[in-house]
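Right, one structure below, let's go through it.
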Amino acid sequence: MLLPFLLRGCTAKHYVQQALSSTRLCVNYCNIRGLATSSGQLFLRRTPQRFLNQSRGAKTHKRKHQNQEDDWKKRNKTVLTYIAAAGVGMIGLSYAAVPLYRLYCQATGLGGTAVAGHNTDHVETMKPIRDRIIKVTFNADTHASMQWNFRPQQSEIYLVPGETALAFYKARNPTDKPVIGISTYNVVPFEAGQYFNKIQCFCFEEQRLNPHEEVDMPVFFYIDPEFDDDPRMARVDTITLSYTFFEAKEGQRLPVPGYS
Amino acid sequence: MSTAMNFGSKSFRPRPPDKGAFPLDHFGECKSFKETYMRCLRESHFDNSRCREESKEYLECRMDRQLMAKEPFEKLGFKDLMEKPAEENKAE
Numbered sequence: 001m002l003l004p005f006l007l008r009g010c011t012a013k014h015y016v017q018q019a020l021s022s023t024r025l026c027v028n029y030c031n032i033r034g035l036a037t038s039s040g041q042l043f044l045r046r047t048p049q050r051f052l053n054q055s056r057g058a059k060t061h062k063r064k065h066q067n068q069e070d071d072w073k074k075r076n077k078t079v080l081t082y083i084a085a086a087g088v089g090m091i092g093l094s095y096a097a098v099p100l101y102r103l104y105c106q107a108t109g110l111g112g113t114a115v116a117g118h119n120t121d122h123v124e125t126m127k128p129i130r131d132r133i134i135k136v137t138f139n140a141d142t143h144a145s146m147q148w149n150f151r152p153q154q155s156e157i158y159l160v161p162g163e164t165a166l167a168f169y170k171a172r173n174p175t176d177k178p179v180i181g182i183s184t185y186n187v188v189p190f191e192a193g194q195y196f197n198k199i200q201c202f203c204f205e206e207q208r209l210n211p212h213e214e215v216d217m218p219v220f221f222y223i224d225p226e227f228d229d230d231p232r233m234a235r236v237d238t239i240t241l242s243y244t245f246f247e248a249k250e251g252q253r254l255p256v257p258g259y260s
Numbered sequence: 001m002s003t004a005m006n007f008g009s010k011s012f013r014p015r016p017p018d019k020g021a022f023p024l025d026h027f028g029e030c031k032s033f034k035e036t037y038m039r040c041l042r043e044s045h046f047d048n049s050r051c052r053e054e055s056k057e058y059l060e061c062r063m064d065r066q067l068m069a070k071e072p073f074e075k076l077g078f079k080d081l082m083e084k085p086a087e088e089n090k091a092e
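Protein chains in written order, with the UniProt record's numbering: chain A, 1 to 260; chain B, 1 to 92.
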């Protein structure tokens, strides 16, 4: 936007310069002819002082103008480099955001991500908290196209955090063909899911049932004693564990992060 | 599952089990132990703390029949059950 303004200024000065140079030429010409006419002198005298000064310092004015242009060019260059650097910085930030956010989530436990540093030695040293009884209810589901009969063998278990417990599900294949199933689980309430630790179960791996076969599927789990310290869990008395079985197709894997 | 569209709300992320998956008991080798455990649970109104001995026996059965990796029971949270027989032995 400044550009046309500047241009107009430039052109105006250019015209003035041109006018001055032409008058100078004319005056010189008159003087050469010895004509130093009064009109010429009058003309000269009439022109305002500032024009005179300007015509006298035309070269310095040109230099100043050149300097100004150089200045503008330099300023434009620095501004452009700053903008380009900011752009590159933004792109870099957007790439760096992915691992940074993951670290942040792990540190704060936001979004239900598993907190790093959960090890199995914890099971050996944990102490059951006797005064906090939690009811764990069990639920079983199958996908619509899955023909297994899948149900829990107990409706609920009362336990305390820090105590390992065993629960059973039963699955039966009523068809005449072997069926391979794969299951996943869900814990409600969601925030309690981070305290629900399974030592061993039957999920995330393909389980094959022969025709008309029935098996018991155990789940060995415990609730982390830190559950008692969490203020958000203070009013949680019931945790529901829900398993869902899907039919496994060849080469299909459930999208479980970090599990091979 | 974890496809809730509400921004910022916690969603559940399933985690793999610590020691992997139980191999299926196709031949029902530990079925009797399971039945004992379920009976105990029903009698104690599904109180887990009263049936820990039976659950330990079921896991022992699995370990003996190669249906579970052998591990000391302290690592499976049965430390209190292992200490009791030691005390009893000392008392005797």
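Where is the CB? At the ideal position from N, CA and C, for every residue including glycine.
These figures come from a predicted structure and were not determined experimentally.
Listed along chain B, no residue sits closer than 9 Å to residue 180 (chain A) by beta-carbon distance, the nearest being about 11 Å off. Distance between residue 216 (chain A) and residue 149 (chain A), taken at the CA atoms: about 12 Å.
Bridge pairing for residue 89 (chain A): absent [DSSP]. Judged by DSSP secondary structure, residue 55 (chain B) falls outside any beta strand (DSSP E) and instead within the alpha helix (DSSP H) spanning 52-64.
Interface with chain B (8 Å Cβ-Cβ cutoff): residue 69 (chain A) is excluded. The beta carbon of residue 220 (chain A) sits closer than 6 Å to the beta carbons of 166, 199 and 200 from its chain, once the five residues preceding and following it are set aside; these are given in chain order. By the neighbour-count criterion, in which a residue is buried when 16 or more other Cβ atoms sit within 10 angstroms of its Cβ, residue 233 (chain A) is buried. For residue 228 (chain A), the closest alpha carbon among the candidates A:60, A:129, A:97 and A:181 is that of A:129. For residue 197 (chain A), the closest C-alpha among the options A:122, A:62 and A:210 is that of A:122.
Counting every other CB atom within 10 Å of its CB across the protein chains shown gives residue 171 (chain A) a total of 16 or more, marking it as buried.
For residue 158 (chain A), the chain B residues whose Cβ falls inside 7 Å of its Cβ are 46, 47 and 48, in order along the chain. The beta-carbon of residue 33 (chain B) is placed no less than 8 Å from the nearest beta-carbon of chain A. The way I'd put it, the region 129-147 of chain A doesn't touch the region 11-25 of chain B; fewer than three beta-carbon pairs between them come closer than 8 Å. Residue 233 (chain A) sits in a helix when the DSSP states are folded into three classes. Residue 121 (chain A): member of the alpha helix (DSSP H) spanning 121-125, first to last residue. Of B:62, B:49, B:19 and B:17, the smallest CA-CA separation from residue 33 (chain B) is found for B:62. Chain A places no beta carbon closer than 8 Å to that of residue 64 (chain B), leaving this residue out of the contacts. Between residue 169 (chain A) and residue 222 (chain A), the CB-CB gap reaches or exceeds 8 Å.
No Cβ of chain B is located within less than 8 Å of the beta carbon of residue 236 (chain A). Beta-bridge pairing by DSSP links residue 241 (chain A) to A:138 and A:187. At a cut-off of 8 Å between beta carbons, residue 74 (chain B) contacts chain A.
Residue 226 (chain A) places its beta carbon 8 Å or farther from that of residue 179 (chain A). Within the model, the alpha-carbon separation for residue 241 (chain A) versus residue 99 (chain A) is close to 31 Å.
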